[in-house]
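All the letters of the first sequence, read from the start, carry residue numbers 3 to 581 under my numbering. Ideal placement from N, C-alpha and C gives every residue a C-beta, glycine not left out. Predicted, not measured: the structure shown is a model, and the values here were computed from it. All remarks here apply to the structure that follows.
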Amino acid sequence: MPADLSNSELAAALDELGDLNELDGAIVHRVVAYRTAAKTIRESPRPVAPLVRAGTVTELPGIGRTLEEKLTALLDTGTIPAAEKLRAKFPPGVVTMTRLPGLGPKRARRLYDELGIDSLEGLREAAQAERIRDLSGFGPKAEASILEALDAGAGAAPRARVVLPTALETGEQILRGLLDEPAVERVELAGSARRGVDDVKDLDVVVASRDPASVVAAFAALEVIASSDRGGESGSRGRTQNGLDVDLRIVPPDRFGNLLQHFSGSKAHNVHLREMAVRRGLHVSEHGILDDATGETHRFATEEEVYGHLGLPYVEPELREDRGELDPGFEPPDLVSVADLRGDLHCHTVASDGKNTIEEMAVAARERGLEYLAITDHSASHGFGNDVSADALRRHAETVREVGARLDGITLLAGSEVNVMPDGGLDYDDDLLAELDWVIASVHTAFRMDGAQMTGRIVRALEHPLVDALGHPTGRLIGRRAGYAVDVGAVIDAAARTGTMLEINSAPDRRDLDDIHAREAVAAGVRILVDSDAHRTATLANTRWGILTARRAWLPAAAIANTLPWAQFAPLRKRVSAS
DNA sequence: GCCGTTTTCGGCCCGACTGTTTTCAGTCG
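If you want it as C-alpha cells, here you go:
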C-alpha cells in the first residue's frame, strides 16, 4: 500500500475542490465548508489519514459524512470523483485566472464561457486585443488592470511572504514615523504581524485620530513608504520600499478598540466571534457592536471592552486563530514571556561556526539576565570545516568549565549539539557524551529519507540515555524548506516516554517546533525548551521569536523547562533523572 | 457542506472599495 497522504496533501485536495466548486457556481457556504475543513486538517497536530481509515474523521470540527466519503475515496483511489468531474469541466488555467487581483471566480468563469479564455497567455492576448471590454460588466479599466497584474507577475506565483522580524522592523518604522504626526493619538500594528505568525504577506496599521487627512498625508510622506494611493477618511493603502503592502486604517479614538480588534484577526477568529455575537443579537464590526434590541451601536476605546461587552475574557492576539480561544470553558493562559527565561540550552562559539568566544557568549547571556547557558558547538561530522573532533571537544569542555569557574552570576554547561546520523546513532562515543553536562541532538544531514525511516532515526536518538533534548525537531526553514518527512506525533510520544526535552528553536526562520506541535507536545507531557541557537552574542536575543511561538502554542512559563532556576532545571536532565 | 438553547431543515459575519453602472455584483480583507 502506498504511504498515506500528509495533512497538507489532504488539505490541498479540499482547497482545490473549493476552488472548482466556486467556479462551478456552488453556493458560497459550500465553498467555505471545503476551505474550513482544509484549514482544520492542515492545522491538525496529528496525521488525519489514519482517522479517515478508522472512520473517526467526522469528530474533527467541520468534517461531516460527505467530506469523510471524499477523503476515503482520495486515500483509496488517489482521487475524488467530484474533483475529476469538475477538472474535466474547467481547465487548470481558469483556476489560475481566479487568483489575479480583481478577477474572482465569477468573472474568470465569464471570460472562459464567453470568450473561451483558459490561460494567462490567452487572457493577455484578449486584453491586448481589447476584446474583453465588450463583455458587460467589463471595461477598459478591467483590461488595463489585468495587463498590469500580469506584468507584475501575478498568478505565476503567490506573493512573497517575509519572515516576521523583517515585517516587524518595517512595521515599527512606520509606527515611529506616524507617532511624529500630531494628529495621531494612538497607533498600533494589527494583523498577522501582531499575532506573531511565522511569516507575513502585508502589514495592517491602525490609527486613532480626529484628523484623518493629516494622518494619510503623513503616511504618504514616510521614508519607508515607496508609494500609496490617494486615501480617504478611513485610511489608505501603500507599499513599503521593501515591497510589503500596507493597509492604514483610521478611526476616531472612541472606537479604536473596535478597529484594533477587527484588523488584528485572524479572519477565522473574527468570523467565529461574530457568529457567536449574532446568536445574542449583536453585530460586530470595526465600527462598533450593534445591539438589535436597542438599535444602539456600542463603541470602545480598548479591546478589553470589546471582548467584555461580548461576555468574553480578553484574548491575547497570539491566541486569535480559532483554536479554542472562543470555546465556552476558555480560561486565558498566563502566557510565557522572554523575561521568564532563566537559561539557554543551545548556542555556538568560534569552536564551530559561531562568531564569539565562550566568555563573550557567557557575559552577553548574563547581561540578558540568564542564570545558565549551555555551550553546544557542532559535533564531529558537521562538515563545512566546522566539525569538532572528540579530542577537541574534551579540551573545549575543559575551557568551558574554566571560564564558568571564573565568571560570577552565570552557570556554564559544557555541551554539544550532536549530529543524529542516518541510522539514528550519534557521532561521539558514549564515554565522551557522559563527560558532558548537556547534549542536544539534531539532524543536519540526509534530509530526504522517507517518513518511516526519518521517524525511526529520530526516535532512536531520543531513546539514547545521554540525549537530553532534540534540537529543531522538523528541520523546516520558513518560506524556504519544508520540514523533513517525520511523524511529529510519534516523536512527541517518544519524547514523553523517554523524558527527552523538545526544543522550540528561536532562529526566526526556524521557530521549530512550531506552535501547533509545541502545544501538542506539552499536552502529551513533554518538557519544552525555548533556545536561541545563537551563533553570536547579538542573536541570543532571538528567543523573542521562540517565545512568540510558545505563546501561540498557549504555553505558560511552567510549560517551558528553561524558565526554571538552575537548581530545579539540573535534575530534570535525562542524564541525571534516568540514573 | 456543516450543524443544532433556530436540532434533521434552514440558516450560515461584516463592511469597503471598484468599475461599471443608473442601483449593484463581484472582489477583497
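C-beta atoms of residue i and residue j nearer than 9 angstroms
i           : j           : result
residue 459 : residue 485 : no
residue 169 : residue 262 : no
residue 113 : residue 134 : yes
residue 530 : residue 557 : yes
residue 344 : residue 374 : yes
residue 312 : residue 332 : no
residue 620 : residue 508 : Given a span of 3 to 581 for the chain in the structure shown, any question on residue 620 remains unanswerable.
residue 319 : residue 196 : yes
residue 438 : residue 471 : no
residue 167 : residue 547 : yes
residue 12  : residue 62  : no
residue 347 : residue 553 : no
residue 496 : residue 503 : no
residue 201 : residue 241 : no
Same chain, Cβ closer than 7 angstroms to residue i, neighbours up to 5 away in sequence not counted
i           : result
residue 539 : 358, 362, 363, 366
residue 303 : 255, 256, 258, 259
residue 129 : 145, 148, 149
residue 466 : 428
residue 140 : 134
residue 406 : 413, 414
Residue environment, residue i, which counts as buried when at least 16 other CB atoms sit within 10 Å
i           : result
residue 578 : exposed
residue 316 : exposed
residue 29  : exposed
residue 81  : exposed
residue 354 : buried
residue 350 : buried
residue 9   : buried
residue 31  : exposed
residue 454 : exposed
residue 143 : exposed
residue 356 : buried
residue 116 : exposed
Alpha-carbon spacing of residue i relative to residue j, whole angstroms
i           : j           : result
residue 46  : residue 212 : 44 angstroms
residue 187 : residue 402 : 52 angstroms
residue 3   : residue 452 : Legend: pLDDT at residue 3 = 48, less than 50; position of this residue unreliable, value from coordinates given subsequently. Going from the Cα of residue 3 to the Cα of residue 452 covers about 15 angstroms.
residue 106 : residue 457 : 42 angstroms
residue 136 : residue 248 : 34 angstroms
residue 104 : residue 236 : 21 angstroms
residue 84  : residue 19  : 8 angstroms
residue 94  : residue 121 : 8 angstroms
residue 330 : residue 275 : 12 angstroms
residue 535 : residue 57  : 42 angstroms
residue 289 : residue 301 : 7 angstroms
residue 561 : residue 524 : 7 angstroms
residue 152 : residue 194 : 27 angstroms
residue 271 : residue 481 : 24 angstroms
residue 574 : residue 191 : 39 angstroms
residue 90  : residue 154 : 30 angstroms
residue 462 : residue 500 : 11 angstroms
residue 203 : residue 79  : 36 angstroms
Neighbourhood of residue i by C-beta distance below 6 angstroms, restricted to the same chain and skipping five residues each side
i           : result
residue 219 : none
residue 433 : none
residue 15  : 76
residue 1   : The structure shown does not extend to residue 1, since the chain is modelled only from 3 through 581, so no value can be given for it.
Cut-off 8 angstroms between Cβ atoms - residues of its own chain near residue i, not counting five sequence neighbours on either side
i           : result
residue 476 : 485, 486, 488, 490, 514, 515, 516, 519
Which parts of the stretch 101–147 are runs of the alpha helix (DSSP H), unbroken and 4 residues or longer, counting only runs that do not cross its ends? 107–117, 122–130
Taking only runs of the alpha helix (DSSP H) that begin and end inside the stretch 40–114, which ones reach a length of at least 4 residues, in chain order? 51–56, 67–79, 83–91, 94–99
Continuous alpha helix (DSSP H) assignments of at least 4 residues falling wholly in the stretch 381–447: 392–408, 432–437
Please give the ranges of any beta strand (DSSP E) in the stretch 151–195, keeping only runs that are unbroken, at least 3 residues long and fully inside the region. 188–192
At 4 residues or longer, and completely inside the stretch 481–522: list those alpha helix (DSSP H) runs for me, N to C. 490–500
If we require 4 or more residues per run, which alpha helix (DSSP H) segments fall completely within the stretch 203–279? 214–223, 258–266
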